[in-house]
Structures are given as structure tokens and as C-alpha cells.
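Peer 1:
Residue numbers (our numbering), protein chains in the order written: chain R, 25 to 186; chain U, 3 to 799.
As C-alpha cells, then:
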């Protein structure tokens, strides 16, 4: 039986009814048409579906939609736009951190969550924060560089070289 | 060539991908779309006794249920080699992921319920899982009717041997007999999966007698051909379109399920979309990297020069041949390696088993074979008391040397890549306790093939490239704008690219064989040059200048030495249009030819008897081995590549860092685990472990530019596949350097490393005795499955 659910996704408020077993990912992709978060495994293994619930990164494939009741969800689509990229999005592009792009939505969300809690992360902190997001294209190195570059920009410092 | 190439440029698909706006096939919907699901065998080898879909068809919300009875009764050869496969199982299932039926329903849940309502009874058949036993007389057959299959005339087959390839030069028997030292070893590699993060997805919709298939394919033109053939409809009525592709690594090469979904949509009378689950992604598509057994026997002179090599290679084909028949030949070439060896006798047999079919996963057979050869190379060096780098230096090919079939090498970067990788990793310098370094060299081919492009400049001064090439994520198609811009004095950002749509672009092989820049680049350059000629002719009239005095730069045409005499390219396009013409160009270019060679002593010649525009590379890995647990951590990899002229440094470096990390998975954690029932035990990402961000080493990328005279644009060679080839070899050599134990099983898991350290054996047997010479008759297996299996690893004469 469907239950009422109110939530905000990417600054847009929604009031919907969902079945209790429906995942947040199905709600976003199939009901709300927000296909930025991807489904790579449906089992919290790849991280492509990652979104922020309030400030916490979660695998939306394994998070019930009803758990987001009254909360604020941020997907990759809410980080920035093509005309006005979030510093992380721009840094990913500038550093070569986007190849096929399928992991990118989740990778960006994990990185955004990290920088919200740790504006000046160590190399090890970046690796740990992204360890739940599989990338098969880049070898991660350009992504690490992108996160450090965006972190510097967000702190108002010049971009690190190299 | 002017200003634009060799500089980083923004990839045109970047902003959409970084903001979640880029649609992948699984993101697409269509009005009235049904959800498709497949019923797969779930058992590795069985006869279908009864199949009844009546109850499933009448369930609520079910639009269609189809089986073999609903498609033409024919077998197909997905890459033109062996017609051994039906779309849906007919009578027999030969691997666990074989498709038996397909369902289209209003919701995924209704489709799943319909799958459960299909009534099916099986009679299990004997399993064929071991490649050596499969070749023995009396083995059960995976294909009872193998002899009656239509196949390429070059293919040599017998029973479970789907194909055999040899690379033979000189007299290996005599040379091994006369050698000062002979070393024999066996290396065994498990199957590996490509694992793109995007699973397969297909959406098919019919309009009258035409079908549009959106597919996560690396090879849309091949898919179109096979849909037409298997469904017996004219090719021009099939359009294959690829949205953004979420990686491929070969897993999305070849023809997969486009025809199934097209047939399902036709039966359901509405669009149907199928999105694979991760489990299906592991167990269904006919694209895994081959499980391999590599026996090597190499003779040396006492001063450390390789005089002869014999190799016997078995490749686990899985249940259907797909494009594997050609890959044994590549394995033979890889088994010679980038070394000068006067006498070679390599023999590869492709063996049908009841496993998921293998095929051309990124650098097919390369990582496994190079790992074996490079481990073997370090063992050879040790036998003659030479440092591994010095040993390789004495044996790597240089300009003027002969390849395995006597192709002559032009100047190349093999030696310089070795020295540069050694320098970058600090070869010979003291290391912290517990750390060690290994090095591995390799070679790979570039793949000449047909490709075409149209280039135009519109009156607004913007360019448009229409290509048949397929962007799998590498940026190779995005980089075509750089090549066109270079010819026309424009920036890459001035071009839009129309790609991966078989109705729009001319034929292209697809993102396979590292061929996009190599071939599609050539086509775009030719098309852009045609436009350039028209631009210069028109601008010469407008500026009243001689053709030869004009230069194209920064979006304008100007007279050399008189920068004020200048028109923009948009003004030229407008003028040409006003005069009744257009700035259009078309190109396909002429594919580079293969070097001259002599393959007369070889069988199974399917196109890789010689390597066109070969690339050479060397990687060195610094690792730390936990001696208590066998866990290996890769700390640093220096990867140095001769890929010819480097046109797109950021793109090329991205291929190398990505390839190295993928190959670390191959080296240490990735390998298919099968149960005795022939079903995969680790068909999930927690069990089949890809390297994560926490596992990634520091990667130091270097290039040695040795442009190919007969290569791609400006002397470029292929770059997508080579970086994955040598990594496992370098890591294996580093493990041996750290532990004194040689791990001869891939992946080199903690258990195998631990066993090799503690027990002197990693569980792999070795050949035990001399390898048998190749049989004279082309049809006869060289050693008849009789490679003797010894009890201990590292047994040497």
C-alpha cells in the first residue's frame, strides 16, 4: 500500500505516494525522472547511484524512498548546471576525471560530501572517501587531482600544480 | 599540422556527463514502453525436455513471451567466424547465462512474475569445464554438430577445439636442442571480466517495418548487420543508435542482445527496454577475457640471448566462438613478445567449454600472455645470471629486426621505453624494507580498418563532424574535433560531433582494437582537407590572393605577412553558400597496410600474422608484499609507451592510468570462480573485486614518440589496449623479487602468493617435459592434449 512521502530533491519540493519497498533510486529515476544517479549494481557495490540525503552520502539503490521523508536530497543534477558548473564538476573535467561518465554522478557526490566535512582533505582521506565508488576508466588518479583542485578553489586558494 | 593538436581541450560531452544530463541507454524511455526480461538457463549444460510459455503469456500485464520458436531457425556467427549460436536456445543450453526466453511486460515486477510462470524441464548433460580434458578423446562435446557448422575457411577445428592458430618461423626443435640453457614453465590464468560500470541496456522500437535499436554497444554497425541477419530483415531497415556509453572494455563489442529485444518489441507491439542486472552482466554477455594455460619453453645462449621459443597455449573459449577464433593467433604473437627470437613455434588452441563465452575484452589474451612471458623472461634472466633490465635490453627488438613472421621492424621505442620505465621507478636504487620492483615489456598491434567521416562548415562558422565512430568514454571521438580543427585552423570547441548512429555516420568498426584515432582520425583528416581546399579556393577569390599565400588560423583565413587581409571562416562559408555551394567534405582515407611478412608455415591465419604499426611499452611496478598474509599492495607504476605520435596527451594518459588500474585487478583480485556445476560463484562486485580508489597506486606516465611511417594520423598508433598488457607481468616479477617465489596462477591472490611462499607451489602444475613439436598437418592438434603435467612448479631441464 502506497504511503505519502514529502521530500526536497535538488531544491524542488515533492509530495508523492510510494510503496514502502520502493527504493530512493527507483523513486528518483522512474517516478521523478531524475536519471543523473545511475544504477550499476543495485547492491551498494559500485556507488554510481550515490546521492546526498541531507549531508550524508547514501547509495540510493539500497535506501528506501520513505527513509527520505522530510529530508533534502541532492543528486549530481543539483550540484551545478552545464552553464554554471560546481567547482568539483569543473575540476573533474579539467583534470580528465570524466571518461565514460557513468561513475561520475556518484563520484561527484562522494567528493562533495567529503569537502563539506573536510575542506582540506589529505590524499588518504580522498582515497577513503571515494573507495565506495568504482571507476573502470580513469585509474582514479585524475579524480584525486580533481578533488584536490576543487578543494583549493573552494577554500579560495590557487589550484595545486601537478 | 598547426596549433590545436597535442593540447588539452574540453571534451564536448563533458559538461553533460558532469551534470547528470547525459543520457545513457538505460535512462531512455519511450511512450508505452514495456520492460523486458530474459529467462536464462541457470545450468551449464542441459537438454531442454519441455518448454511451455502458455501460462506466462496469459499473466496480467504481459505483452509478449518469445522463445526460439518465434525467431528464424538459424545459427549465427557473431564476428563471421563460426555459425555456432542461436538467438534463443534450441534443444540444448551450453552455459548458465544462455537465453531461453524473453518477456515484455508493463512493469519489471510483472515481467519477473511472467519469467517464473514459464514451465521448463531440463535433462542435465555432462559438463565440459577443463580445457585439457576437453581435448582428450572421448570427452563430451559442447557442440555435437561442430563439424557441420558454417565457418571461415581458415579455421581449423576438431571436436571441442573451436580453432587452432600457429605462428612458426625457423626450426625451433633444432635450436632448442642446441641451446645452452632451456627453461620450461607453465602459467595458468583465470577468466576475467571487462566490468564496465554501465551494465548492458537496449531499447527497441518499431515504426512500420523499420526498427530503431538504442543499444549500449561498442560496435553499432556490427550489431546492425547481425540484427538484420538473425531476424532476416534488410539491413537498411535497422538503425542502431548508441546514447552515451558507460564504458565497454570489449564487453560491449560484438553483437549481443539487440536482436532479442527487437524481436520482443515486435511481438509486444510496443517499445521494449531491457537493462541488465549486475549478475546478468557477469553471467550472460559473451565477452569475458579467456582463461588460459600457457606453456613456454625457451632456449638461450650462455650470453643471455634468446635463440628459440616453443609455446603451447590453451584458451577457454566458453560455449560459443564469437570473435575468439582470431585471438589464439594474437596470443601466439604475444607469446613471442617484443623480443628478437630467430626460431619460434607457437601453437594456440581455442577450446569450447560450458562457460560464458570469451571474446575480445580489452587487449584480448594480452595481459594473461604477457604476464606469463614476462615472468618467464625474469626466470630466463636469472638462469644466465643477468639483471632483468639488462636481459631485456639484449633481446628487445630494434629497427631492422625480424618479427615472428619476419615482419621488419621500423625504428621503435621498445628499448627506450625499457630504460625510461627503469629510470622512473628507480631501478637499482635501495628500497624500503618489504618493498620490491618488477618490470615487464610488451607489444601490441594497431588495427587498420575502414572508417568514414563527413565534415562541413556552416554559414555561422561552426563546424560539424559526422562520423560512424563510437565513443566508449576514452575521448577518442571527442578528439576528432581536434584533428579537424587542426586542418581548418579552428578550435576543437568550434565543432559539433554527430556519432554512433548507423543512419547518420558512415561505416566504422566501432570502439574496438584501439582503432578510433588510428582510422576514424584518418577519415576526418581527409574530409577536413577537402573542406580546406574549398575554403582556400573561396578565400583566395575574396582576398584576391594566391592559394599558396593563405593560412588558416584562429577561425580565419589570412594572407601570410598581411594579417589585415583576412576573412573569417564563417564569412567564407556564407560567401560559398551565397554562390550556390557548400563547404562539405567526405573522407575515408586509405587504411595503412600490414607489413610484409611470411606466414606460410602458420595455420589459422585470420589477420594477425603480422602486427601493423606495432606499439611497444614497458611498465615497472613497486609493490609491498605482506609476507604473513600474501596480500600485495601496488605502490607505484611507471608506465612508458611508444604509441607513435601522441596527438591527445590527456586522453592518452587517461588510457594509461585507467589501463594500469584495471590491470592491477587482473593481476591481484579479478578472476572468475566457477563451481563444479559450471556456474559462476562470484558474479557480484563484492566477490569479483575491482581495484578501488583506496587500492590505486601512483602512476607515472611516460611517452616515447616513435611515429609509425605507415600508421594513423601524423604517425599515431593505437593506445586504448596496450596499457593493460604488461602490468600483471611487472607485478608478478615484483612479487617474485620480494618473496623469491614465482606465482604462476593469475590472479595472484593472497592465497596463491602465500602458498607460493610457504609451499613452493601456487597450485599450478608445470609442463614437466619438453613440449612436443608442432604437427606437420594443419588439422592435427600439435600435442593432442598430451602436454605432460609435472608435479612441481619451476621444473627445469
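Every residue gets a Cβ at the ideal spot worked out from N, C-alpha and C, and that includes glycine. Every value quoted in this text rests on a predicted model; they were computed, and no experiment measured them.
Name the residue from 514/U, 772/U, 534/U, 484/U whose alpha carbon lies nearest to the alpha carbon of residue 650/U.
Peer 2: Here residue 650/U is taken as the residue at index 648 of the second chain, counted from 1. Checked all of 514/U, 772/U, 534/U, 484/U; the closest Cα to residue 650/U is 484/U.
Peer 1: So, at 6 Å on beta carbons, what are the nonlocal neighbours of residue 189/U in its own chain, with the 5 sequence-adjacent residues on each side left out?
Peer 2: For this step, residue 189/U is matched to residue 187 along the second chain. Counting only Cβ-Cβ distances below 6 Å, and skipping sequence neighbours, we find 296, 374, 746.
Peer 1: Which residues share a DSSP beta bridge with residue 447/U?
Peer 2: Residue numbering aside, residue 447/U sits at position 445 when the second chain is read from its first letter. DSSP output for residue 447/U lists no bridge partner at all.
Peer 1: Please work out which residues of its chain come closer than 7 Å, Cβ to Cβ, to residue 81/U, disregarding the five sequence neighbours upstream and downstream, and give them in chain order.
Peer 2: The residue you call residue 81/U lines up with position 79 of the second chain. Closer than 7 Å at Cβ, skipping near neighbours: 256, 324, 325.
Peer 1: Using a cut-off of 7 Å between C-beta atoms, extract the partners of residue 152/R located in chain U.
Peer 2: Within the first chain, numbered from 1, the residue matching residue 152/R stands at position 128. Within 7 Å Cβ-Cβ: 696.
Peer 1: When DSSP labels each residue in this structure, what does residue 657/U get in the three-state scheme?
Peer 2: By one-based count along the second chain, residue 657/U stands at place 655. Reduced to three states, the DSSP call for residue 657/U is helix.
Peer 1: Mind checking the stretch 92-108 of chain R against chain U and listing, in chain order, the residues whose C-beta falls within less than 8 Å of any C-beta there?
Peer 2: Within the stretch 92-108 of chain R, the qualifying residues are 99, 100, 101, 103, 104, 105, 106.
Peer 1: With a threshold of 8 Å between beta-carbons, can residue 164/R be considered close to chain U, or not?
Peer 2: Here residue 164/R refers to the residue found at position 140 of the first chain. Cβ-Cβ to chain U under 8 Å: yes for residue 164/R.
Peer 1: Are the stretch 136-148 of chain R and the stretch 49-66 of chain U touching, with three or more C-beta to C-beta distances below 8 Å?
Peer 2: No, the stretch 136-148 of chain R is not in contact with the stretch 49-66 of chain U.
Peer 1: If you drop the 5 nearest sequence neighbours on each side, which residues of the same chain put their C-beta closer than 7 Å to that of residue 406/U?
Peer 2: What you label residue 406/U is simply residue 404 of the second chain in a count that begins at 1. Counting only Cβ-Cβ distances below 7 Å, and skipping sequence neighbours, we find 169, 171, 335, 338, 346.
Peer 1: Give the residues of chain R in contact with residue 18/U, contact being defined as C-beta atoms less than 9 Å apart.
Peer 2: Counted from its first residue, the second chain places residue 18/U at position 16. In chain order: 106, 125.
Peer 1: Can you tell me whether DSSP reads residue 573/U as helix, strand or coil?
Peer 2: The residue given as residue 573/U occupies position 571 in the second chain. Three-state DSSP puts residue 573/U in a helix.
Peer 1: Do residue 695/U and residue 164/R have their C-beta atoms within less than 8 Å of each other?
Peer 2: Mapped onto the second chain, residue 695/U falls at position 693. Mapped onto the first chain, residue 164/R falls at position 140. In contact: residue 695/U and residue 164/R (Cβ atoms closer than 8 Å).
Peer 1: Who are the Cβ neighbours of residue 59/R in its own chain at under 7 Å, not counting the five residues just before and after it?
Peer 2: Here residue 59/R refers to the residue found at position 35 when the first chain is read from its first residue. Once the five neighbours on either side are set aside, the close Cβ partners of residue 59/R are 53.
Peer 1: Smallest Cα separation from residue 141/R: which of 128/R, 44/R, 80/R, 157/R?
Peer 2: Within the first chain, the letter at position 117 stands for residue 141/R. When each option's Cα is compared against that of residue 141/R, the closest is 80/R.
Peer 1: Can you list the residues of chain U that residue 129/R reaches, using a CB-CB cut of under 7 Å?
Peer 2: As a working mapping, residue 129/R is identified with position 105 in the first chain. Simply 22.
Peer 1: Please name the residue, chosen from 436/U, 356/U, 558/U, 513/U, that lies closest to residue 141/U on a Cα-to-Cα basis.
Peer 2: As a working note, residue 141/U is residue 139 in the second chain. Ranking the options by Cα distance to residue 141/U, first place goes to 356/U.
Peer 1: Of the residues that make up the stretch 114-140 of chain U, which ones have a beta carbon closer than 8 Å to any beta carbon in chain R?
Peer 2: Within the stretch 114-140 of chain U, no residue has a Cβ that lies closer than 8 Å to any Cβ of chain R.
Peer 1: At the 8 Å Cβ level, is residue 325/U part of the contact set with chain R, yes or no?
Peer 2: Translated into the one-based positions of the second chain, residue 325/U becomes position 323. So no, residue 325/U is outside the interface.
Peer 1: Just the C-alpha distance for residue 730/U and residue 161/R, rounded to the nearest angstrom, thanks.
Peer 2: Locating residue 730/U in the second chain gives position 728, counting from the first residue. Locating residue 161/R in the first chain gives position 137, counting from the first residue. In a straight line, the C-alpha of residue 730/U is about 17 Å away from that of residue 161/R.
Peer 1: Below 8 Å between beta carbons: does that hold for residue 116/R and residue 248/U?
Peer 2: Taking the first residue of the first chain as 1, we reach residue 116/R at position 92. Taking the first residue of the second chain as 1, we reach residue 248/U at position 246. Going by C-beta atoms, residue 116/R is not nearer than 8 Å to residue 248/U.
Peer 1: In or out: residue 718/U buried (at least 16 other Cβ within 10 Å) or exposed?
Peer 2: Reading the second chain from its first residue, position 716 is the one you call residue 718/U. Classification of residue 718/U: buried, given that the 10 Å Cβ count is 16 or more.
Peer 1: By alpha-carbon positions, which one of 704/U, 495/U, 733/U ends up nearest to residue 16/U?
Peer 2: If you number the second chain from 1, residue 16/U lands on position 14. Per the Cα distances, 495/U.
Peer 1: Is the Cβ of residue 413/U closer than 8 Å to any Cβ of chain R?
Peer 2: Counting from one through the second chain, the residue named residue 413/U turns up at place 411. Not one chain R Cβ lies under 8 Å of residue 413/U.
Peer 1: Please go through the stretch 260-328 of chain U and give each complete alpha helix (DSSP H) segment of 4 or more residues, from N-terminal end onward.
Peer 2: Counting only runs of 4 or more, we get 260-270, 280-285.
Peer 1: For residue 43/U and residue 135/U, what's the separation of their Cα atoms in angstroms?
Peer 2: For the purposes of this step, residue 43/U is taken as the residue at position 41 of the second chain. For the purposes of this step, residue 135/U is taken as the residue at position 133 of the second chain. When rounded, the distance between both Cα atoms is 24 Å.
Peer 1: Grab the span of the alpha helix (DSSP H) containing residue 102/U for me, first residue to last.
Peer 2: Residue mapping note: residue 102/U aligns to position 100 of the second chain, counting from 1. Not the alpha helix (DSSP H): residue 102/U falls in the beta strand (DSSP E), residues 101-107.
Peer 1: Just by C-beta distance, which residues in the stretch 69-94 of chain R are closer than 7 Å to chain U?
Peer 2: Correct list: 69, 70, 72.
Peer 1: With 8 Å set as the bound, which would you pick, yes or no: does the beta-carbon of residue 733/U sit closer than that to a beta-carbon of chain R?
Peer 2: By one-based count along the second chain, residue 733/U stands at place 731. So, not an interface residue.
Peer 1: For residue 155/R, go through chain U and note every residue whose CB falls closer than 9 Å to its CB, in chain order.
Peer 2: Here residue 155/R is taken as the residue at index 131 of the first chain, counted from 1. Near residue 155/R (Cβ distances below 9 Å), the residues of chain U are 694, 695, 696, 697.
Peer 1: Helix or strand or just coil, what does DSSP make of residue 180/R?
Peer 2: Position 156 of the first chain holds residue 180/R. Three-state DSSP puts residue 180/R in coil, outside helix and strand.
Peer 1: Using beta-carbon positions only, say whether residue 63/U and residue 108/U come within less than 8 Å of one another.
Peer 2: As a first step, residue 63/U is located in the second chain; it is residue number 61 there, counting from the start. As a first step, residue 108/U is located in the second chain; it is residue number 106 there, counting from the start. Contact flag set, yes.
Peer 1: Whole angstroms is fine: what's the gap from residue 610/U's alpha carbon to residue 543/U's?
Peer 2: Within the second chain, residue 610/U is the residue found at index 608, counting from 1. Within the second chain, residue 543/U is the residue found at index 541, counting from 1. Their backbone Cα atoms lie some 50 Å apart in a straight line.
Peer 1: Could you compute how far the alpha carbon of residue 436/U sits from the alpha carbon of residue 636/U?
Peer 2: Working through the second chain from its first residue, we reach residue 436/U at position 434. Working through the second chain from its first residue, we reach residue 636/U at position 634. Residue 436/U and residue 636/U: Cα-Cα distance of roughly 12 Å.
Peer 1: Drop a sphere of 10 angstroms on the beta-carbon of residue 147/U, count the other beta-carbons inside from all chains shown, and report buried for 16 or more, exposed for fewer.
Peer 2: The sequence position of residue 147/U within the second chain is 145, counting from 1. Answer is exposed; the Cβ neighbour count stays below 16.
Peer 1: Got a sec, what are the start and stop residues for the alpha helix (DSSP H) residue 56/U sits in?
Peer 2: Reading the second chain from its first residue, position 54 is the one you call residue 56/U. Unbroken alpha helix (DSSP H) run through residue 56/U: 56-59.
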